[in-house]
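The sequence shown maps to residues 114 to 366 in the numbering used here.
One structure is given below, encoded as structure tokens.
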Amino acid sequence: VALNCGALPESLVESELFGTERGAFTGAASSRPGLIESAAGGTCFFDEIGELPLSCQAKLLDVLESKSLRRVGGVGLRPVDVRFMAATHVDLERAAASGRFRSDLRYRLDVLRIELPPLRQQPAALPELVAALMAELGLAGPLAPGELERLAAYSWPGNIRELRNLLQRASVKQGPGPLRPSLLLEAATGPRTCPASPAEAGALSVEEIALRHMVEVAARSASRKQAATRLGIGESTLRRKLKQAARMGLTPS
């Protein structure tokens, strides 16, 4: 069972994870198990765990420690036999230091770590990824000459989701024939998608570069929904990132 922690409104995360008892709130006409209970005997996968609200982090830690949970509005504890996996693009150590993520939950989750470098650090993998995504999407047309080199020069803040979305949009907008997805990148963000010089790149952290790109895309989009679609992320995640960028003083160029 999978949950994208950044895709649900904060008010719904707790009931989706832990379930509800009848009468827990207005409209709760019957009891309902949450995603953790639904994964009994299997695996519960938390995507974007760094976006999980602090109010739910303490309750999740209790589940990990006690192997039991209490539904929203419930009294008794229910045993759960579930494996937990989590993924995030957030630096949880920094998030814990700033108070945005619980240190004890980070330690409890960090049993076996698998590091996946961002797409911008794996340009050699791009041809294979593009071929696999085009096969998955049922795209027959090849890429136009020089496209792989142009795509490899892009910073990919949305990683593989953004690449998949870009290929899909290119196939819809450009029709049959060789695809030129890089044209859509330039239309959305302008031709300059990376810092102009090594000195400028060194002055910004990876997180700041990604946030600056999101700000630029949002400024050039007709709506937040359109910007989130272009970036390959959820609208709620984009809203949080834009607020973070505003606090850091990052504005469109």
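Glycine included, every Cβ here is placed at the ideal spot set by N, Cα and C.
Whole angstroms are fine: how far does the CA of residue j sit from the CA of residue i?
| i | j | result |
| --- | --- | --- |
| residue 346 | residue 131 | 25 Å |
| residue 128 | residue 164 | 16 Å |
| residue 181 | residue 146 | 13 Å |
| residue 135 | residue 122 | 21 Å |
| residue 183 | residue 288 | 52 Å |
| residue 365 | residue 246 | 31 Å |
| residue 217 | residue 208 | 12 Å |
| residue 173 | residue 229 | 24 Å |
| residue 117 | residue 290 | 35 Å |
| residue 356 | residue 178 | 33 Å |
| residue 254 | residue 282 | 13 Å |
| residue 237 | residue 278 | 20 Å |
| residue 304 | residue 298 | Here residue 304 scores only 43 on pLDDT, less than 50, and its place in the model is too uncertain to base an answer on. |
| residue 265 | residue 259 | 10 Å |
| residue 340 | residue 329 | 9 Å |
| residue 335 | residue 248 | 31 Å |
| residue 321 | residue 358 | 8 Å |
| residue 189 | residue 286 | 55 Å |
| residue 210 | residue 227 | 22 Å |
| residue 214 | residue 205 | 7 Å |
Please name the residue, chosen from the options, that lies closest to residue i on a Cα-to-Cα basis.
| i | options | result |
| --- | --- | --- |
| residue 354 | 179, 209, 331, 115 | 331 |
| residue 324 | 232, 336, 133, 269 | 269 |
| residue 187 | 119, 360, 133, 253 | 133 |
| residue 235 | 177, 224, 273, 119 | 273 |
| residue 242 | 261, 124, 253 | 261 |
| residue 70 | 286, 280, 275 | With the chain running from 114 to 366 in the structure shown, residue 70 is simply not present. |
Are residue i and residue j touching if we call contact CB-CB under 9 Å?
| i | j | result |
| --- | --- | --- |
| residue 157 | residue 198 | yes |
| residue 166 | residue 126 | yes |
| residue 284 | residue 252 | yes |
| residue 154 | residue 203 | no |
| residue 232 | residue 225 | no |
| residue 293 | residue 256 | yes |
| residue 344 | residue 361 | no |
| residue 352 | residue 333 | no |
If you count every other CB in all the chains shown that lies within 10 Å of the CB of residue i, and 16 or more means buried, which is it?
| i | result |
| --- | --- |
| residue 222 | buried |
| residue 309 | With a pLDDT of 39 at residue 309, under the threshold of 50, the modelled position of this residue cannot be trusted, and the question is left open. |
| residue 271 | buried |
| residue 220 | exposed |
| residue 171 | exposed |
Looking only at its own chain, which residues have a Cβ that is under 7 Å from the Cβ of residue i, when we skip the five neighbours before and after it?
| i | result |
| --- | --- |
| residue 119 | 161, 164, 347, 349, 350 |
| residue 176 | 149, 182, 193 |
Among residues of its own chain, excluding the 5 on either side of residue i, which ones have a beta-carbon nearer than 6 Å to its beta-carbon?
| i | result |
| --- | --- |
| residue 144 | 134, 135 |
| residue 200 | 160 |
| residue 363 | 324, 325, 328 |
| residue 151 | 114 |
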